[in-house]
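**Q** Per the UniProt record's numbering, the very first residue in the sequence shown carries number 1; after that it's consecutive. For glycine and all other residues, C-beta sits at the position ideal for the given N, C-alpha and C. This is the structure I want to talk about, given as structure tokens.
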Amino acid sequence: MTNCRVVVIGASAGGVEALTQLVEQLPPQLNAAVFVAVHFPAGSVSFLPDILSRARTLPAAHPYSGETIQPGRIYVAPPDYHLLVHRGTIELSRGPRENGHRPAIDVLFRSAAQAHGPYAVGVVLTGMLDDGTNGLQVIKAEGGVALVQDPNEAMFRSMPENAIAHVAVDQVLPITALASHIVDLVADATQESPITQESPITQESPITQESPITQESPITQESPITQESPITQESPITQESPITQESPITQESPMTSNPLVPEEKIVAEEKAAAEEGQRPNAASPFTCPDCGGVLWEVRDAYNLLRFRCHIGHAYSLDSLMSLHGENLERALWTAVRAIEERAALSRRLMAYAYQQNRTQSAEQFSKRAREAEENARLVRQLILNQKEIHLQGDTVPERL
1 MTNCRVVVIG
11 ASAGGVEALT
21 QLVEQLPPQL
31 NAAVFVAVHF
41 PAGSVSFLPD
51 ILSRARTLPA
61 AHPYSGETIQ
71 PGRIYVAPPD
81 YHLLVHRGTI
91 ELSRGPRENG
101 HRPAIDVLFR
111 SAAQAHGPYA
121 VGVVLTGMLD
131 DGTNGLQVIK
141 AEGGVALVQD
151 PNEAMFRSMP
161 ENAIAHVAVD
171 QVLPITALAS
181 HIVDLVADAT
191 QESPITQESP
201 ITQESPITQE
211 SPITQESPIT
221 QESPITQESP
231 ITQESPITQE
241 SPITQESPIT
251 QESPMTSNPL
261 VPEEKIVAEE
271 KAAAEEGQRP
281 NAASPFTCPD
291 CGGVLWEVRD
301 AYNLLRFRCH
311 IGHAYSLDSL
321 MSLHGENLER
331 ALWTAVRAIE
341 ERAALSRRLM
351 AYAYQQNRTQ
361 SAEQFSKRAR
371 EAEENARLVR
381 QLILNQKEIH
391 LQGDTVPERL
């Protein structure tokens with residue numbers, strides 16, 4: 001696959017309609033591979049590839065892990081799998097959820113930034129909360145293009161608004177204009193596309209001591225070697241200085257999350273640091289909504305505060321607030337059930353006491369039943385009031 005970009009698109013609530021409109025505007029000869037991550041429940045069956053294929057512009061399908069990337073195709077993340085883009089190939093991963101989702105938009109976006117740098121185009125469409133903001137920030141920082149759907153057009157405006165608020169996006173456009181801009185960007189792609197499988201540094205063919213780089217294959221700007229690396233065109237790589245998959249890792253602390261390091265490597269390093277008691281970052285007072293473990297505060301290379309447990313579940317502030325709210329509601333409904341059971345049991349005991357002519361005991365059980373029913377009513381009302389507050393409107397809080 002040569003001379004083309006990768007376009008990564010993230011959407012959540014209202015995303016099927018927005019994606020359909022966008023794909024309908026793309027030409028069949030689009031010289032780019034399109035990757036899509038939409039939030040679906042883990043146990044669901046996604047018909048999104050069939051829906052997008054009906055546009056009769058680009059064929060859409062769920063990819064398989066290790067599949068070769070081809071231009072002019074749409075690859076849709078299947079439910080309960082993260083979709084990661086490498087140089088020339090695709091990976092499906094059942095790694096820890098991020099922001100409560102798998103597939104997660106941030107995971108897709110960061111993998112595209114890592115593999116394709118300035119050739120990655122990130123697009124955030126309609127949705128709730130802020131999944132995609134961190135990934136779009138990484139794409140932009142690595143020289144890629146950041147596009148966002150106009151919030152005034154989006155069915156749900158939180159995701160576009162969060163991206164606009166926290167990322168120096170290149171364009172904010174309605175769907176039709178987004179499609180036209182993507183076509184223009186693809187047409188302007190240069191000849192040095194890093195997507196080709198012949199690239200000397202890929203996951204499938206890492207450079208080791210058995211395959212040293214000589215002067216005939218100098219490191220280009222597409223190489224993940226950092227500025228601190230002493231390797232230049234004047235000092236070709238030999239057997240004494242092999243490049244491995246670990247070359248993008250800098251001397252940062254293992255708890256300083258490098259967004260260009262594969263997710264599984266970040267998790268492994270943080271777990272090892274926890275086992276050795278070497279976590280330099282503070283443990284938060286919050287627990288992981290998914291597994292109940294301790295959440296650690298992590299600031300990535302762009303100073304964005306996030307939370308991660310030792311399993312690898314990761315959350316932005318907005319997602320953590322939302323998921324904790326769901327857990328709180330679940331706990332409150334459990335409390336309502338327990339209180340109402342207490343009321344029902346008290347009334348059963350009251351009736352039994354009356355049958356035994358134990359009037360005083362019956363009155364006590366009746367009092368307990370009334371108290372339990374009132375408590376259940378209050379808790380139920382608390383839950384409903386919280387939902388009303390949540391539905392009053394979308395706001396974009398200031399990011400810490």
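Using DSSP's beta-bridge definition, name the partner residues of Y75.
**A** F35, A61
**Q** So L83 packs on Y75, CB below 8 Å; how close in whole Å?
**A** The beta-carbon separation of L83 and Y75, rounded to 7 Å, stays under the 8 Å limit for a contact.
**Q** Would L84 pass as an interface residue toward chain B - the criterion being a Cβ-Cβ separation below 8 Å?
**A** Considering every chain present, this structure includes no chain B. It has just one protein chain.
**Q** Do the stretch 120-135 and the stretch 326-336 make contact, defined as three or more Cβ pairs closer than 8 Å?
**A** no
**Q** Beta-carbon within less than 7 Å of M128's beta-carbon, same chain only, minus the 5 sequence neighbours each way: which residues are those?
**A** S12, A13, F156, S158, M159
**Q** To the nearest angstrom, report how far apart Y352 and G95 are at their CA atoms.
**A** One C-alpha to the other measures close to 55 Å.
**Q** Quick test of your reading: R342 and A314, contact by CB under 8 Å. State the CB separation rounded to the nearest angstrom.
**A** The pair is not a contact, with the Cβ atoms about 39 Å apart (cut-off 8 Å).
**Q** Put Q137 into one of helix, strand or coil per three-state DSSP.
**A** helix
**Q** Go ahead and label V6 buried or exposed: buried means 16 or more other beta carbons lie within 10 angstroms of its beta carbon, across all protein chains shown.
**A** By the 10 Å Cβ count, V6 comes out buried.
**Q** Just to confirm the assignment, what range does the alpha helix (DSSP H) spanning S322 have?
**A** 317-355
**Q** By how many angstroms is the C-alpha of I105 removed from the C-alpha of I9?
**A** Spanning the two alpha carbons is a distance of roughly 8 Å.
**Q** CB-CB under 8 Å to L108, same chain, minus the five flanking residues each way: which ones, in chain order?
**A** V8, G10, F35, A37, A77, H82, L83, L84, V85, G135
**Q** Taking contact to mean 3 or more Cβ pairs, one atom from each stretch, closer than 8 Å, check whether the stretch 23-35 and the stretch 139-148 are in contact.
**A** Counting Cβ pairs under 8 Å, fewer than three are found: no touch.
**Q** Give the secondary structure of E216 by DSSP, where H, G and I count as helix, E and B as strand, and everything else as coil.
**A** At E216, the pLDDT of 43 sits below 50, so the modelled position is not reliable and the matter cannot be decided from this model.
**Q** My output table needs one value for P285: the three-state DSSP class, helix, strand or coil.
**A** strand
**Q** In this structure, how does DSSP classify L30 when only helix, strand and coil are distinguished?
**A** coil
**Q** Roughly how many whole angstroms lie between the Cα atoms of V183 and Q29?
**A** 10 Å
**Q** According to DSSP, what are the bridge partners of G10?
**A** Partner(s): A37, V124.
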